[in-house]
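*Asks:*
There are 2 protein chains.
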Amino acid sequence: MRKPLPLRKGDVIAIVAPAGPVDSRKLTRGIARLSAAGFVPEIAEGVLEREGFLAGGDAHRAEQLSWALALPEARAVMAARGGYGTTRIMPLINWRKAARRPRLVVGYSDVTAILAYVSTRLRLSAIHGPMAAADLAGKTDGAALAAFSRLAGGEVSTGEPWGAPCERLRGGAAEGILTGGCLSVLTALLGTPFEPDFRGALLFLEDVSEPSYRLDRMLTQWIQSGRLGRITGILAGKMSPVAGEAEEDLRKAFAAAGRRLSVPVWYGFPAGHGGPNYALPFGVRAKIDGRGRLFLLESPVEAR
Amino acid sequence: MRKPLPLRKGDVIAIVAPAGPVDSRKLTRGIARLSAAGFVPEIAEGVLEREGFLAGGDAHRAEQLSWALALPEARAVMAARGGYGTTRIMPLINWRKAARRPRLVVGYSDVTAILAYVSTRLRLSAIHGPMAAADLAGKTDGAALAAFSRLAGGEVSTGEPWGAPCERLRGGAAEGILTGGCLSVLTALLGTPFEPDFRGALLFLEDVSEPSYRLDRMLTQWIQSGRLGRITGILAGKMSPVAGEAEEDLRKAFAAAGRRLSVPVWYGFPAGHGGPNYALPFGVRAKIDGRGRLFLLESPVEAR
Chain A
1 MRKPLPLRKG DVIAIVAPAG PVDSRKLTRG IARLSAAGFV PEIAEGVLER EGFLAGGDAH
61 RAEQLSWALA LPEARAVMAA RGGYGTTRIM PLINWRKAAR RPRLVVGYSD VTAILAYVST
121 RLRLSAIHGP MAAADLAGKT DGAALAAFSR LAGGEVSTGE PWGAPCERLR GGAAEGILTG
181 GCLSVLTALL GTPFEPDFRG ALLFLEDVSE PSYRLDRMLT QWIQSGRLGR ITGILAGKMS
241 PVAGEAEEDL RKAFAAAGRR LSVPVWYGFP AGHGGPNYAL PFGVRAKIDG RGRLFLLESP
301 VEAR
Chain B
305 MRKPLPLRKG DVIAIVAPAG PVDSRKLTRG IARLSAAGFV PEIAEGVLER EGFLAGGDAH
365 RAEQLSWALA LPEARAVMAA RGGYGTTRIM PLINWRKAAR RPRLVVGYSD VTAILAYVST
425 RLRLSAIHGP MAAADLAGKT DGAALAAFSR LAGGEVSTGE PWGAPCERLR GGAAEGILTG
485 GCLSVLTALL GTPFEPDFRG ALLFLEDVSE PSYRLDRMLT QWIQSGRLGR ITGILAGKMS
545 PVAGEAEEDL RKAFAAAGRR LSVPVWYGFP AGHGGPNYAL PFGVRAKIDG RGRLFLLESP
605 VEAR
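Chains as they are written, first to last, in my numbering: chain A, 1 to 304; chain B, 305 to 608.
So this is what it looks like as structure tokens:
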């Protein structure tokens, strides 16, 4: 596993728009929060472009990401927001080049495509965490932002329970390489050259606006593909049910997948769309104990 | 290509529920229409069972389908409705056994999983067409029902334009093996043992309740997978846009896919969720001419 250098106060974070069009007021708000937290946001040119449901054409969005991944002073690359469009630009990035100079990629939702790919195929750690014009402009609270700073700075000890305890749906403790992300985005990588490799994974999964039958359909697809045969457990994020359903319906879908795979399932980690979005390191070892507490056994960044 | 015997007036159609729970009043209505059209519907035991979003457990739904596929007097097997659940039972069916005694499978939407698999992997023709407790209880008009009867009966000539002319989105005429179905269901087969083989396909695609970014995401996944590299064209069904979008947004997604694949794209065939649901034969050669007229070059059933 290759790890980027730690992100400390005073370091530059490059902000890019690989997916949906960015709201400028939200971006301003998120940038102010990052600045207040001591970071130096540097915004990609044309970050506010808009072309239908995309933040500009594929080449334009890919260029922003390539710029950020090569920017000498950038210690981290944070997406402004998700939406849709990241899978479209995956083939346009020189990933081998990016892996030679590891940078901490940060985001969630549609940006899952990058995080899952780099953390399992390039064996490069990444952070499932806040985005400038998304949760940083809204639901991310002070504690979650502070947690991100500590995690990206390499300041979290292995004995510290992370986030908030989860609810047991099936089985007990589990340990593996933490990775995963937004289930519908992960599923959109199946069969492509950017499909993640979940062997040995403690699989974090979450989603938004998906009725339980769709969660079940996606989990069924992954199970039938044989590609979850060696995961060590499922850690589902806190999620909001769609209209007409209860959170219990979501729990059922994850529990059923755990039964079919004979692995432990825990629900409710406050990351992704449904909670304050506590940052999670992808590509490093983590453990969930028999009481549902998550421990990060490795830092996602090098010791400075 | 193996073809079932033709379905004629007086023949038995076995009705099964492989997916979502069936509404008994709708089923009654559809059965009455099939009977009035001269067929003899024979309903699987427990067709009205219900377990959450499924028409009973996986074993129960698989058993209905297995029963129907083996029923000596059944000339066709029609799904009562779609919804979700067909992909879950695909591994529970003895498909090799089913292929030895070909039966005309009829349905659309979630039942796409069966149609695309049998028409491309088992090389067994099938009919993308009406379902008893779905469109036959509603939008299917007399002309569409009569078209189904003629198609299943082997009475359509190769010189007869089928359905209604389509709108050109890109390129011109195309000829290939007609197959495909509901895009989100097809996409849920990617990477599984039931993934269809689209080499040489004139690909019919349609969907419902999917915003254009999701259509684009699914088409991007298929394109990145390399599995559409040898299709001969795209024939998109008539679709209804979601709230906040126009039909033009849907057209754009299909046109963009055609550009990326360098194949002709036609839009608006009245089959699937968006039109009166004209039956389409899957697994047989068809041609769309330069004026958007579809010609069925082969019958889906044997000559009697």
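Built from N, CA and C at the ideal position, the CB exists for glycine as well.
#1: List, in chain order, every chain A residue whose beta-carbon is nearer than 7 Å to that of B/A417.
#2: On the CB-based measure, 16 or more other CB atoms within 10 Å of its CB, does B/S603 come out buried or exposed?
#3: Between A/R61 and chain B, is there a C-beta pair that is closer than 8 Å?
#4: Does B/L396 pass the burial test, meaning 16 or more other C-beta atoms within 10 Å, or should it be called exposed?
#5: Name the chain A residues that come within less than 9 Å of B/S516, Cβ to Cβ?
#6: According to DSSP, is A/T232 helix, strand or coil?
#7: Does the count of Cβ pairs from the segment 311 to 327 of chain B and the segment 338 to 355 of chain B closer than 8 Å reach three?
#8: Kindly indicate which residue of A/D135, A/I114, A/A126 has the alpha-carbon position closest to the one of A/L7.
#9: Touching or not, the segment 238 to 254 of chain A and the segment 196 to 207 of chain A, by the rule of three or more beta carbon pairs under 8 Å?
#10: Are B/P308 and B/L408 touching if we call contact CB-CB under 8 Å?
#11: I need the boundaries of the beta strand (DSSP E) containing A/E63, first residue and last residue.
#12: Could you pull the start and end residues of the beta strand (DSSP E) that A/G172 belongs to?
#13: In the structure shown, what three-state DSSP assignment does A/E42 receive?
#14: Tell me which same chain residues have a C-beta within less than 7 Å of the C-beta of B/D327, skipping the five on either side of it?
#15: Please tell me whether B/L600 and B/V460 are closer than 8 Å, where the distance is taken between their beta carbons.
#16: Who are the neighbours of A/S225 on chain B, taking C-beta pairs under 7 Å?
#17: Within its chain, find whatever has a CB closer than 7 Å to the CB of B/T416; leave out the 5 residues flanking it on each side and keep chain order.
#18: What residues from chain B crowd round A/T220, counting only those whose CB sits closer than 9 Å?
#19: At least one CB of chain B closer than 8 Å to the CB of A/Y108: is that the case?
#20: Go to A/V106, then tell me how far its beta strand (DSSP E) extends in each direction, as first and last residue.
#21: Does the beta carbon of B/P395 come closer than 8 Å to any beta carbon on chain A?
#22: Could you name the residues of the same chain whose beta carbon sits closer than 7 Å to that of B/Y571, not counting the 5 residues immediately before and after it, in chain order?
#23: Could you check which residue in A/R291, A/G283, A/K287, A/R293 has the C-alpha nearest to that of A/V301?
#24: By DSSP's criteria, A/L294 is part of a beta bridge. Which residues make up the other side?
#25: Provide the residue(s) that pair with B/W570 in DSSP beta bridges, ordered along the chain.
#26: To test your reading of the DSSP string, which unbroken beta strand (DSSP E) runs of 3 or more residues are found completely within the segment 388 to 439 of chain B?
#27: Would B/G389 pass as a contact of B/R365 if the rule is Cβ separation under 8 Å?
#28: What residue range does the alpha helix (DSSP H) around B/R379 cover?
#29: Taking the DSSP output, what are the residues bridged to A/A313?
#30: Is the shortest distance between the beta-carbon of A/A217 and the beta-carbons of chain B less than 8 Å?
#31: Is A/P193 buried or exposed, if buried means 16 or more other CB atoms sit within 10 Å of its CB?
#32: In chain order, what residues of the same chain have a beta carbon less than 7 Å from the beta carbon of B/R534, not counting five sequence neighbours either side?
#33: Would you tell me roughly how many angstroms separate the C-alpha atoms of A/R29 and A/A152, rounded to the nearest one?
#34: Run down chain A in chain order and give the residues with a C-beta less than 8 Å from the C-beta of B/Y582.
#35: Using a cut-off of 8 Å between C-beta atoms, extract the partners of A/Y117 located in chain B.
#36: Would you list, in chain order, the members of the segment 262 to 274 of chain A that have their beta-carbon closer than 8 Å to a beta-carbon of chain B?
*Replies:* Taking the geometry as given:
#1: By Cβ distance, chain A contributes nothing, its closest Cβ being about 10 Å from B/A417, past 7 Å.
#2: buried
#3: Output row for A/R61: interface = no.
#4: A residue is called buried once 16 or more other Cβ atoms fall within 10 Å of its Cβ, and B/L396, having fewer, is exposed.
#5: G52, F53
#6: Secondary structure at A/T232: coil, using DSSP grouped into helix, strand and coil.
#7: yes
#8: A/A126
#9: Taking 8 Å as the limit for Cβ pairs, the verdict is that the segment 196 to 207 of chain A does touch the segment 238 to 254 of chain A.
#10: Yes, the Cβ-Cβ distance between B/P308 and B/L408 is below 8 Å.
#11: Counting along the chain, A/E63 sits inside no beta strand (DSSP E); it lies in the alpha helix (DSSP H) bounded by residues 58 to 70.
#12: It is not in any beta strand (DSSP E) - A/G172 carries neither H nor E in the DSSP assignment.
#13: strand
#14: A437
#15: yes
#16: G495, T496
#17: G485, C486, V489, L490
#18: Below the 9 Å Cβ cutoff, chain B contributes T391, R392, A492, T496 as neighbours of A/T220, in chain order.
#19: no
#20: 104 to 107
#21: yes
#22: The beta carbon of B/Y571 lies closer than 7 Å to those of C470, E471, L473, A540, R555, F558 in the same chain, with the five residues before and after it left out.
#23: A/G283
#24: Bridge partners of A/L294: A/W162, A/I288.
#25: B/R472, B/L539
#26: 408 to 411, 430 to 432
#27: In this structure, B/R365 lies closer than 8 Å to B/G389 by Cβ.
#28: It is not in any alpha helix (DSSP H) - B/R379 instead sits in the beta strand (DSSP E) that spans 378 to 383.
#29: In this structure chain A extends from 1 to 304, so residue 313 of chain A is not present and cannot be described.
#30: Note that residue 217 of chain A is Arg in the sequence shown, not Ala. It does; some Cβ of chain B falls within 8 Å.
#31: exposed
#32: R503, G504
#33: 21 Å
#34: Those do not exist, as B/Y582 stays about 27 Å from chain A at its closest Cβ, beyond 8 Å.
#35: Simply none; closest approach about 12 Å.
#36: none
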